[in-house]
Structures are given as structure tokens and as C-alpha cells.
Amino acid sequence: MNRFFLVIASLFIFAACTQAEPDLSVWLEDGVIIDTRSVMEFESGHVADAIVMPHDTIDQTIASVAPDKSTPIILYCRSGNRAGIAKSVLNDMGYENVVNLGGLQEAQAAIDAAR
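This is how it looks when you write it as C-alpha cells:
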């Protein structure tokens, strides 16, 4: 009986942790692509139309490109970690439509497929 409840609880926890991927083709029309790496990393290569906004200053700079908190925001970095931190910061600030595409290569592939 305990095993049954453990399985059911695990299913609810897993469902709460998953995030449906947005339709990037729609998000690219009205949203912003933000590279959360350093300026130096950005200058060595980035996704077309991306804006550099390092993850550790995004709370101070995001309003300049997304004053409306419903603006779709597409994040990436080198591996997805810094973009994940930035996503948490933005969600805490009230931004509703934020997605972390992971690393540069994954982001480029996803954006290319959506364009």
C-alpha cells in the first residue's frame, strides 16, 4: 500500500516539474532572444538576433528590452546553467513567458527549426 502511494506521489511531483515547450515560431515574432553568457563569450559567437545580457545582471537590465512582463523571453548560455539561473530570477520578478533553451548549440538548433 505504501508503495502505491509513493508511485502516485512521484507521478504528481514529476508532472509539476515538467514544462511544456512553447511554440518558438510564435515566440520569435514578439519575443526577445537573450544570451546570458559574458560579453566576451557572446562576441565569440551567438544566435542571430540575440541580445547579450549576463545572468548576474539580468535583473537590472531586462526592463530595457522587455518592459512588459508578458513578453516572450528565450534564454540560452553555454550549457543551460546560467540561463536556468536567469529564468528563475525573471520568474521571481514576475515575467510570465520565459524559456531556457539550454546551451548555444541546442538553442541554435531549436531556433533554426522554428524559423
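Taken in order, the sequence shown gives residues -20 to -1, 1 to 95; the numbers are from mature numbering (1 follows the signal peptide of the UniProt record, and there is no 0). We treat Cβ as the ideally placed atom computed from N, Cα and C, and that holds for glycine.
Please list, in chain order, all residues of the same chain as D48 whose beta carbon is under 6 Å from its beta carbon, the five residues on each side excluded. Position 68 of the sequence shown, counted from the start, is the residue given in the question as residue 48. So the list is empty, once near-sequence residues are dropped.
For K67, I'd like the list of residues in its chain whose CB is within less than 8 Å of its CB, leaving aside the five on either flank, ordered along the chain. Counting from 1 along the sequence shown, the entry for residue 67 is found at position 87. Here the set comprises L55, V78, V79, N80.
Go to N80, then tell me how far its beta strand (DSSP E) extends in each direction, as first and last residue. One-based indexing of the sequence shown puts residue 80 at position 100. For N80, the enclosing beta strand (DSSP E) stretches over residues 78 to 83.
N-terminal and C-terminal residue of the alpha helix (DSSP H) that A69 is part of: In the sequence shown, the residue the question calls residue 69 occupies position 89. Here the sequence assigns Val to residue 69, which means Ala is not the residue at that position. From DSSP, the alpha helix (DSSP H) with V69 extends over 61 to 72.
Suppose you measure from the CA of C57 to the CA of G64; what does that come to, to the nearest Å? As a first step, residue 57 must be located in the sequence shown, where it is residue number 77. As a first step, residue 64 must be located in the sequence shown, where it is residue number 84. Approximately 9 Å between the Cα atoms of the pair.
Beta-carbon contacts of P2 that lie in its chain and below 8 Å, excluding the five residues immediately before and after: Residue numbering aside, residue 2 sits at position 22 when the sequence shown is read from its first letter. Contacts found: P52, N77, V79.
Proximity to D10 [Cα-Cα], best of L84, T41, H35, D29: Within the sequence shown, the letter at position 30 stands for residue 10. Looking at the Cα atoms, D29 is the closest of the given residues.
Through-space distance from N71 to C(-4), alpha-carbon basis: Working through the sequence shown from its first residue, we reach residue -4 at position 17. Working through the sequence shown from its first residue, we reach residue 71 at position 91. Unreliable positioning characterises C(-4) in this predicted model, as indicated by a pLDDT of 43, which lies under 50. The coordinate reading is nonetheless provided below. One Cα belongs to C(-4), the other to N71, and the distance between them is close to 15 Å.
With I38 as the anchor, note down where its alpha helix (DSSP H) starts and where it stops. Translated into positions along the sequence shown, residue 38 becomes position 58. Taken as a continuous stretch (DSSP letters only), the alpha helix (DSSP H) holding I38 covers 38 to 41.
Specify, as a first and last residue, the run of the alpha helix (DSSP H) that D10 falls within. Position 30 of the sequence shown, counted from the start, is the residue given in the question as residue 10. First-last of the alpha helix (DSSP H) with D10: 4 to 10.
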